[in-house]
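**Student:**
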Amino acid sequence: MKAAIQITGLTKVFGSKRALDGVDLIVEEGSIFGFLGPNGAGKTTTLRVLTGLARPTSGRVRILGRDVAGADDEVRQRIGFLPDVPGFYDWMTAREFLRFAGGLFGLTGSLLDERVAVLLDLAGLTDVSTRIGGFSRGMKQRLGVAQALVNAPKLLMLDEPTSALDPIGRKDVLDMLASLRGRTTVFFSTHILSDVERICDTVAILDAGKVVAHGPIDDLKARYGAQKVIVEVDEGAEWLAGEVGRAPWASTVTLTEDGAIEIAVSDARAARCGLPAIVASRGLALRRMEAGEVDLEDVFVELVGGGRS
Amino acid sequence: MNGFTAFVRKEATEILRTWRILVLPGILLFFAITGPVMARFTPEILKAVADMPAAAIKALIPDPTYLDSYGQWAKNLSQIGLFALIIVYGGIVSSERKSGTAVLVLTKPVSRSAFIAAKALVHAAFLTVIVTAGTLVTWGGTALTFGSAPVAPLLDSAFSWLVFALLFLSLMTLLSVALPSQAGAAGVGIGVYALLAIAGLSKTLTLYTPVGLSSAPSVLASGKHFALLWPVLSSVALSVALVAAAAWLFSRQEL
Numbered sequence: 227m228k229a230a231i232q233i234t235g236l237t238k239v240f241g242s243k244r245a246l247d248g249v250d251l252i253v254e255e256g257s258i259f260g261f262l263g264p265n266g267a268g269k270t271t272t273l274r275v276l277t278g279l280a281r282p283t284s285g286r287v288r289i290l291g292r293d294v295a296g297a298d299d300e301v302r303q304r305i306g307f308l309p310d311v312p313g314f315y316d317w318m319t320a321r322e323f324l325r326f327a328g329g330l331f332g333l334t335g336s337l338l339d340e341r342v343a344v345l346l347d348l349a350g351l352t353d354v355s356t357r358i359g360g361f362s363r364g365m366k367q368r369l370g371v372a373q374a375l376v377n378a379p380k381l382l383m384l385d386e387p388t389s390a391l392d393p394i395g396r397k398d399v400l401d402m403l404a405s406l407r408g409r410t411t412v413f414f415s416t417h418i419l420s421d422v423e424r425i426c427d428t429v430a431i432l433d434a435g436k437v438v439a440h441g442p443i444d445d446l447k448a449r450y451g452a453q454k455v456i457v458e459v460d461e462g463a464e465w466l467a468g469e470v471g472r473a474p475w476a477s478t479v480t481l482t483e484d485g486a487i488e489i490a491v492s493d494a495r496a497a498r499c500g501l502p503a504i505v506a507s508r509g510l511a512l513r514r515m516e517a518g519e520v521d522l523e524d525v526f527v528e529l530v531g532g533g534r535s
Numbered sequence: 167m168n169g170f171t172a173f174v175r176k177e178a179t180e181i182l183r184t185w186r187i188l189v190l191p192g193i194l195l196f197f198a199i200t201g202p203v204m205a206r207f208t209p210e211i212l213k214a215v216a217d218m219p220a221a222a223i224k225a226l227i228p229d230p231t232y233l234d235s236y237g238q239w240a241k242n243l244s245q246i247g248l249f250a251l252i253i254v255y256g257g258i259v260s261s262e263r264k265s266g267t268a269v270l271v272l273t274k275p276v277s278r279s280a281f282i283a284a285k286a287l288v289h290a291a292f293l294t295v296i297v298t299a300g301t302l303v304t305w306g307g308t309a310l311t312f313g314s315a316p317v318a319p320l321l322d323s324a325f326s327w328l329v330f331a332l333l334f335l336s337l338m339t340l341l342s343v344a345l346p347s348q349a350g351a352a353g354v355g356i357g358v359y360a361l362l363a364i365a366g367l368s369k370t371l372t373l374y375t376p377v378g379l380s381s382a383p384s385v386l387a388s389g390k391h392f393a394l395l396w397p398v399l400s401s402v403a404l405s406v407a408l409v410a411a412a413a414w415l416f417s418r419q420e421l
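Just so you know, the protein sequences line up as chains W and U, in that order. Each residue of the first sequence is one higher than the one before, counting from 227 in our numbering. Each residue of the second sequence is one higher than the one before, counting from 167 in our numbering.
What follows is the structure, given as C-alpha cells:
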C-alpha cells in the first residue's frame, strides 16, 4: 500500500508555542482517515502545512510521493482542500464558483461542464440559483466539499468539515465523504468522535501537537480502550456499585439510569472471577453480566482526557 | 485556460459585478461631467454671490478657457481621484485573505506570484479604461461648453496621471500584502502621497523621478510643457519593482 501522506518529525513553532511537536503520520492511499483531536491540538496547523499554506519549522512532509516543501503546482493539481471556514466569492452562484474552481485547474469545455453538473448534484445545489452570499452554513459547506472535488483529486483534505453544522448538514457532508470510499483518499480533521466512527477506517489522535495514537479504529479500541463489564441485578444495585468500586480491578463504576452497573476494568479476568463472588456474598440475584462495547470516545478520553479538568 | 487566466477572468468579472464598478468609475465620471461646467460657470456664480462690482471680479478672475476645464480634471484626479484609489486598493490582497477566498484559490494550481500579477494586471487595465473614458467625457464636455478643446494638453495630463495612478496601484498591492488592514495600508499610501508632494520641492527629483508626476498633470493641463520621459520611465520601473516585491513577500508569507 502506498502512502498518500507521509509526515516525519513535523514540528511547527509559533513564537514560544510549539503547535506541532514531532508529528509522524502515514495515511495510506484509498483510506478514509480521521484526524482526531481536541480543539487546539494542532489539527489545523497540520493541514496548513500539508497544503503549503504554512511552512514547517522542521520535519518532512510528502504528499502523493512528493515533498510539499515547494508546494508546487504539480502537488496542488492532485489535491482537494476544504478549510475549516471556507471563503467564497459571495457574488458568484454555486455553479459559477465550481466553474471558476475548475478553471483554476485548467479544466475547460465538456469535461468542466460534466464535472460541475455532477458536483452540483452531489452537493444538492443543482436548482439553487441564488448567490453564495445568501447560502446557509450547510449549503456553503456542501459547496466547499464540491469545489474540493472539482479536479477529481487523488487526495482530499478537509479541516473540520462537519463542525458548526446541524445534524442534517452533518449527515449530508458525511454521506458525501463516505461516497468517495475507494476512489479518493480522504483525510479529515475533526473533534467529533461519532463522525469518525461513522465513516473512517483509520484514525490518528493528536493531542498537544503530538500523535498519541494511530491505526485502524478497531486496533485502537482493542489497544487503548479500557474494557467494560456491564452487570445488572434484581435489587441492591447501589450496594453492589459501592462494593465493586473498592475492587482493585475496577477503574470506574457507573450506575446507569436503567439500573445497570457499568464497570471499566483494568483486569478483565480478575473482574470475571471477582464480580460473581461479590454478587453471591450478599445473596443478590444476577440478571445480566456481559462485556460492554468499547467506543472511540473511551479511547479518546483514555488518551487525551487525563489532566483535563 | 490555466489557473492564471481563470483568476484574471474572476478578477475582471468581480469588478463588473460588485461595488467596484460603482466607486472609482462613479467618482471619475462625476468629475468628468461636472468639471467643464464648473470651470465655465464658477466666475459667474461668484459674480452672482459676491458683493463686488463686476469689473473688480473680472480683474480678479479672468474669463475661463478650455484649459480651466482641463485643470479642473487634473486637480480632481490628483486629489480625490488618487485618495479614492488608495483607499479602494488598500484591501486588494488583504480582503481576500480576510474573507478566506485566498486560501481556496492558493491551494489550487495558482502560484502566489500569479495571484498578485493577475490582480495588478486586471486593475491596471481597469484604471486605464476608466481614466480614458473620463478623459474623453471631459474632452467632449469641454468642447460643448467652451466651443474649443484642443486635445493635446488634456491627453498629456491624463496620461501622466494614469502612470502616477498605476504606480500607486502597485504600491497599494505591496502594502496590502504587507499589512492585514485595508485602513492601515490606505493610511501608509496617503502618507507616501504626502511625502511625494513634499519631495516635489526638489527640482532634481521632479525632473528625474516619479515625484514629478505629482505635479505634472496640473502643469500639462494648463498648457505648459513638462518633460515626462524620466518621471514616466522611473515610475514604470518602480511599479514593476513594487509588484515584484509584493509577489515575493506574498510567497514568503503563511496564510
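Note that beta-carbon positions come from the ideal geometry of N, C-alpha and C, so glycine has one too.
Report all residues from its chain with a CB closer than 7 Å to the CB of residue 250(W); omit the five preceding and five following residues, and keep chain order.
**Tutor:** Once the five neighbours on either side are set aside, the close Cβ partners of residue 250(W) are 233, 234, 235 and 437.
**Student:** What residue does the beta strand (DSSP E) around residue 413(W) start on, and which one ends it?
**Tutor:** That run of the beta strand (DSSP E) goes 411-416.
**Student:** Note down the Cα distance separating residue 533(W) from residue 428(W), rounded to an integer number of angstroms.
**Tutor:** Residue confidence is low: residue 533(W) scores 48 on pLDDT, short of 50, so the model does not pin down where it sits. Its coordinate-derived value is still stated next. Near 26 Å, if we compare the C-alpha coordinates of residue 428(W) and residue 533(W).
**Student:** Mind listing, in chain order, the continuous beta strand (DSSP E) runs of no fewer than 3 residues lying wholly within the stretch 419-488 of chain W?
**Tutor:** Counting only runs of 3 or more, we get 428-433, 436-442, 453-459 and 476-481.
**Student:** Just checking: is the beta-carbon of residue 393(W) within a distance shorter than 8 Å of some beta-carbon in chain U?
**Tutor:** Closer than 8 Å: no.
**Student:** If you compare alpha carbons, which of 506(W), 527(W) and 498(W) is closest to residue 516(W)?
**Tutor:** When each option's Cα is compared against that of residue 516(W), the closest is 498(W).
**Student:** Can you give me, in chain order, the residues of the stretch 301-325 of chain W that have a beta carbon less than 8 Å from any beta carbon in chain U?
**Tutor:** Per Cβ criterion, the list reads 302, 303, 305, 307, 309, 311, 312, 313, 314, 315 and 317.
**Student:** Below 8 Å on the Cβ atoms is my contact criterion, and I expect residue 490(W) with residue 507(W) to pass it. Report the Cβ-Cβ distance as a whole number of Å.
**Tutor:** Between residue 507(W) and residue 490(W) the Cβ distance is about 22 Å, and since that is not below 8 Å, they are no contact.
**Student:** Can you say whether residue 465(W) is buried or exposed, counting buried as having 16 or more other CB atoms within 10 angstroms of its CB?
**Tutor:** Exposed, because fewer than 16 other Cβ atoms sit within 10 Å of the Cβ of residue 465(W).
**Student:** List the endpoints of the continuous alpha helix (DSSP H) containing residue 468(U).
**Tutor:** Since the first residue shown for chain U is 167 and the last is 421, residue 468(U) is missing from the structure and cannot be characterised.
**Student:** Could you give the residue range of the beta strand (DSSP E) that holds residue 252(W)?
**Tutor:** Looking at the DSSP string, the run of the beta strand (DSSP E) that includes residue 252(W) is 243-254.
**Student:** In the DSSP output, what is residue 306(W) paired with across the bridge?
**Tutor:** Answer is 382(W).
**Student:** I want to see whether chain B comes within less than 8 Å of residue 281(W), judged by CB atoms only; does it?
**Tutor:** Within the model displayed, chain B is absent; protein chains W and U are what it includes.
**Student:** Let me confirm a value: residue 404(W) is counted as buried when at least 16 other C-beta atoms fall within 10 Å, else exposed. Which label applies?
**Tutor:** Answer is exposed; the Cβ neighbour count stays below 16.
**Student:** Are the stretch 304-323 of chain U and the stretch 361-375 of chain U touching by the rule of at least three beta carbon pairs closer than 8 Å?
**Tutor:** Not touching, per the Cβ criterion.
**Student:** Beta carbons nearer than 9 Å to chain W: which residues of the stretch 274-287 of chain U have them?
**Tutor:** Answer in chain order: 274, 275, 276 and 277.
**Student:** What span of residues does the beta strand (DSSP E) with residue 285(W) cover, start to end?
**Tutor:** Unbroken beta strand (DSSP E) run through residue 285(W): 284-289.
**Student:** May I have the straight-line CA-CA distance separating residue 535(W) from residue 433(W), to the nearest angstrom?
**Tutor:** Since pLDDT at residue 535(W) reaches only 39, below the 50 mark, its modelled position is unreliable, and no value is offered.
**Student:** Taking 8 Å as the CB-CB cut-off, is residue 241(U) touching chain W?
**Tutor:** False, the Cβ-Cβ gap to chain W never drops below 8 Å.
**Student:** Determine the direct distance from the alpha carbon of residue 307(W) to that of residue 305(U), and round the result to whole angstroms.
**Tutor:** Taking the straight line joining both Cα atoms gives about 51 Å.
**Student:** Would you say the stretch 385-402 of chain W touches the stretch 262-277 of chain W, given that touching needs at least three Cβ pairs under 8 Å?
**Tutor:** Contact holds: three or more Cβ-Cβ distances are below 8 Å.
**Student:** Keeping to the same chain, check which residues put their C-beta closer than 6 Å to that of residue 435(W); ignore five residues upstream and five downstream.
**Tutor:** So the qualifying residues of the chain are 244, 245, 246, 247 and 268.
**Student:** Rounded to whole angstroms, how far is the Cβ of residue 398(U) from the Cβ of residue 336(U), which I believe are closer than 8 Å?
**Tutor:** With 8 Å as the limit, residue 398(U) and residue 336(U) do not qualify as a contact, their Cβ atoms being about 14 Å apart.
**Student:** Starting from the Cα of residue 170(U), find the closest Cα among 266(U), 247(U), 246(U) and 275(U) and give me that residue.
**Tutor:** The residue with the shortest Cα to Cα distance from residue 170(U) is 275(U).
**Student:** Assuming the contact rule is C-beta atoms closer than 8 Å, residue 425(W) and residue 379(W) should be a hit. Round their C-beta distance to whole Å, please.
**Tutor:** The Cβ separation is near 17 Å, so there is no contact.
**Student:** Pick from 346(U), 396(U), 350(U) and 356(U): whose alpha carbon is nearest that of residue 369(U)?
**Tutor:** Nearest C-alpha to residue 369(U): 396(U).
**Student:** Between residue 378(W) and chain U, is there a C-beta pair that is closer than 8 Å?
**Tutor:** Chain U contact via Cβ: absent.
**Student:** Let's test the definition: count the other Cβ atoms within 10 Å of the Cβ of residue 196(U) and tell me whether it reaches 16, buried, or not, exposed.
**Tutor:** Its Cβ having fewer than 16 others within 10 Å, residue 196(U) is exposed.
**Student:** Distance check for residue 261(W) and residue 310(W), CA to CA, integer angstroms please.
**Tutor:** Roughly 13 Å separates the two Cα atoms.
**Student:** Determine the closest residue to residue 368(W) out of 381(W), 355(W) and 397(W), with distance taken between C-alpha atoms.
**Tutor:** Checked all of 381(W), 355(W) and 397(W); the closest Cα to residue 368(W) is 397(W).
**Student:** State buried or exposed for residue 177(U), treating a residue as buried only when at least 16 other CB atoms are found within 10 Å of its CB.
**Tutor:** The residue is buried, with at least 16 neighbouring Cβ atoms inside 10 Å.
**Student:** Quick one: list the residues of chain U neighbouring residue 241(W), beta-carbon separation under 8 Å, in chain order.
**Tutor:** Residues of chain U passing the Cβ test: none, with the nearest at roughly 13 Å.
**Student:** Just to confirm the assignment, what range does the beta strand (DSSP E) spanning residue 337(U) have?
**Tutor:** Here residue 337(U) belongs to no beta strand (DSSP E); instead the alpha helix (DSSP H) covers 317-344.
**Student:** Would you kindly work out how many angstroms separate the C-alpha atoms of residue 222(U) and residue 231(U), rounded to a whole number?
**Tutor:** Cα to Cα, residue 222(U) sits roughly 19 Å from residue 231(U).
**Student:** Taking the beta strand (DSSP E) that residue 518(W) falls in, what are its first and last residues?
**Tutor:** Per DSSP, residue 518(W) belongs to the beta strand (DSSP E) from 512-518.
**Student:** Measuring only the C-alpha atoms, how far is residue 303(W) from residue 180(U)?
**Tutor:** Whole-angstrom Cα-Cα distance: 25 Å.
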